[in-house]
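As structure tokens, the structure follows; a few thoughts come after it.
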Amino acid sequence: MDEATLTIADRIQAQLDKLTRAERQLADTILENYPASGLGPIAALAQDADVSTPTVARMVQKLGFKGYPDFQADLREELKAQLSGPIAKHDTWAEGAPEEHMLNRFTEAVIGNIRQSLGQIDTGDFDTACTQLADTTSRLHIVGGRITHTMAEYLFLHMQMIRGDVIHIQSTSNAWPHYLLDVKEGDTFVIFDVRRYESNTLKLAEMARSRGARIILFTDQWRSPIHSLADICFSSRIVVPSAWDSAATTLLLVETLIAAVQDLSWPDTRDRMQTLEDMFDQTKLFRKFT
Numbered sequence: 213m214d215e216a217t218l219t220i221a222d223r224i225q226a227q228l229d230k231l232t233r234a235e236r237q238l239a240d241t242i243l244e245n246y247p248a249s250g251l252g253p254i255a256a257l258a259q260d261a262d263v264s265t266p267t268v269a270r271m272v273q274k275l276g277f278k279g280y281p282d283f284q285a286d287l288r289e290e291l292k293a294q295l296s297g298p299i300a301k302h303d304t305w306a307e308g309a310p311e312e313h314m315l316n317r318f319t320e321a322v323i324g325n326i327r328q329s330l331g332q333i334d335t336g337d338f339d340t341a342c343t344q345l346a347d348t349t350s351r352l353h354i355v356g357g358r359i360t361h362t363m364a365e366y367l368f369l370h371m372q373m374i375r376g377d378v379i380h381i382q383s384t385s386n387a388w389p390h391y392l393l394d395v396k397e398g399d400t401f402v403i404f405d406v407r408r409y410e411s412n413t414l415k416l417a418e419m420a421r422s423r424g425a426r427i428i429l430f431t432d433q434w435r436s437p438i439h440s441l442a443d444i445c446f447s448s449r450i451v452v453p454s455a456w457d458s459a460a461t462t463l464l465l466v467e468t469l470i471a472a473v474q475d476l477s478w479p480d481t482r483d484r485m486q487t488l489e490d491m492f493d494q495t496k497l498f499r500k501f502t
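As numbered in my numbering, residues 213 to 502 make up the sequence shown, in order.
Now the structure itself:
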């Protein structure tokens, strides 16, 4: 994996097993309000994490930086990337774009995103997420934003066939607080939130968490502020040679999740799907060539 393409959060996750107790404490503080947490003076970061200044200096070097100023420079670049809109992102890409065909360039970027993202997925977290989604004793809520609502709807349509008690909430709707009225402790929320993170979605997550809900978050490599509320967080790399971010890696994770949950609950899922097919036959929704 090319170290130059890694975010500081990526580097921290890769080094977790090698960090001392104090360095892990520091890592948690950095990730808590990432990337803004490391933009202040080194003494302020040390105080926030309740560690010594030398501890900060040592960990920064473990992450591959010569010193704290280099570490902060990378953080500032990441923050700038987070805040970039489509026009700014396209201008940045176009300046140094190679001459190869877009099909090859885009595909290569997506493959790289998939490799790096999957390399950081905790299989235990993935299995736990699948178990929670298959648990029909609790209600499942699925939430997307302005762009990611399409991903949320895709997951919702499949989960609705697999199990009952599934609700699709659109955080862009003014009616979303109504959905929280019946949320119970132990319910699961699957939330999609990528850069240009949405205030509505964060507020929804905060309120759901306060009511005892579990949160599974799909986000990008910089991680939505919701990650601090989430029980499980799946971070996907999204940068491609385009003014728009790529959803390919996130979609791969979602489709794999659907397949795994289907396997976990196949007897019940098969019955639901058969009932649905019977309804389709009655409504003549699909043409049959028999």
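Where a beta carbon is used, it is the ideal one built from N, C-alpha and C, also for glycine.
Inset, instruction - Locate the alpha helix (DSSP H) running through Ser411, then write down its first and last residues. - result: On the sequence shown, residue 411 is found 199 positions in, with the first residue counted as 1. Its alpha helix (DSSP H) spans residues Ser411 to Ser422.
Inset, instruction - Would you tell me roughly how many angstroms separate the C-alpha atoms of Met213 and Thr219, rounded to the nearest one? - result: Position 1 of the sequence shown holds residue 213. Position 7 of the sequence shown holds residue 219. With a pLDDT of 45 at Met213, under the threshold of 50, the predicted position of this residue should be treated as unreliable, though the coordinate-derived value follows. Each residue's Cα considered, the two are about 12 Å apart.
Inset, instruction - Please report how far the alpha carbon of Gln486 lies from the alpha carbon of Ile470, in whole angstroms. - result: To locate residue 486, count along the sequence shown from 1; it is residue 274. To locate residue 470, count along the sequence shown from 1; it is residue 258. Their backbone Cα atoms lie some 18 Å apart in a straight line.
Legend entry - Beta-carbon spacing of Ser447, Ser329 below 9 Å: Here residue 447 refers to the residue found at position 235 of the sequence shown. Here residue 329 refers to the residue found at position 117 of the sequence shown. Yes; because the gap between Cβ atoms is below 9 Å, this pair is in contact.
Legend entry - Environment of Gly250 [buried if 16+ CB atoms lie within 10 Å]: Locating residue 250 in the sequence shown gives position 38, counting from the first residue. Answer is buried; the Cβ neighbour count reaches 16.
Inset, instruction - Give me the Cα-Cα distance between Gly279 and Ser383, rounded to the nearest whole angstrom. - result: Taking the sequence shown and counting its residues from 1, the one referred to as residue 279 is at position 67. Taking the sequence shown and counting its residues from 1, the one referred to as residue 383 is at position 171. Their backbone Cα atoms lie some 41 Å apart in a straight line.
Legend entry - Alpha carbon of Asn325 to alpha carbon of Ala455, nearest angstrom: Indexing the sequence shown from 1 puts residue 325 at position 113. Indexing the sequence shown from 1 puts residue 455 at position 243. Taking the straight line from one Cα to the other gives about 16 Å.
Inset, instruction - Please list the segments of the alpha helix (DSSP H) lying wholly inside the stretch 341 to 379, counting only runs of 4 or more residues, in order along the chain. - result: For the alpha helix (DSSP H) assignment, the uninterrupted runs of no fewer than 4 residues enclosed by the stretch 341 to 379 are, from N- to C-terminal side, 361 to 374.
Inset, instruction - Under 8 Å Cβ to Cβ from Arg499, same chain only, skipping five residues before and after it: list those, please. - result: Numbered from 1 along the sequence shown, position 287 holds the residue referred to as residue 499. Excluding sequence neighbours, Arg499 sits near nothing in its chain.
Legend entry - Closest residue to Thr343 among Leu393, Asp229 and Arg426 (Cα-Cα distance): In the sequence shown, the residue the question calls residue 343 occupies position 131. Out of Leu393, Asp229 and Arg426, Arg426 has the C-alpha closest to the C-alpha of Thr343.
Inset, instruction - Could you say which of Asn412, Asp240 and Asp480 lies nearest to His361 if we only look at CA atoms? - result: In the sequence shown, the residue the question calls residue 361 occupies position 149. Nearest option by C-alpha distance: Asn412.
Inset, instruction - Quick one: which unbroken alpha helix (DSSP H) runs of 4-plus residues sit fully inside the stretch 442 to 476? Chain order, please. - result: 460 to 476
Inset, instruction - Please name the residue, chosen from Arg435, Thr431 and Asp394, that lies closest to Met419 on a Cα-to-Cα basis. - result: Your numbering for residue 419 matches position 207 in the sequence shown. Comparing Cα positions, the closest option is Asp394.
Legend entry - Residue(s) in a DSSP beta bridge with Ile427: Reading the sequence shown from its first residue, position 215 is the one you call residue 427. Ile427 is bridged to Phe401.
Inset, instruction - Can you give me the start and stop residues for the alpha helix (DSSP H) that Val268 sits inside? - result: Your numbering for residue 268 matches position 56 in the sequence shown. Segment Thr265 to Lys274, the alpha helix (DSSP H) holding Val268.
Inset, instruction - Count the other C-beta atoms from every protein chain shown that fall within 10 angstroms of the C-beta of Phe492, then say buried if there are 16 or more, exposed otherwise. - result: Along the sequence shown, one-based indexing puts residue 492 at 280. Looking at its Cβ environment, which holds fewer than 16 other Cβ atoms inside 10 Å, Phe492 is exposed.
Inset, instruction - Taking all protein chains shown into account, decide if Gln494 is buried (16 or more other Cβ within 10 angstroms of its Cβ) or exposed. - result: Translated into the one-based positions of the sequence shown, residue 494 becomes position 282. Classification of Gln494: exposed, given that the 10 Å Cβ count is below 16.
Inset, instruction - Consult DSSP for Gln382 and reduce its assignment to one of helix, strand or coil. - result: Reading the sequence shown from its first residue, position 170 is the one you call residue 382. Here Gln382 sits in strand by DSSP.
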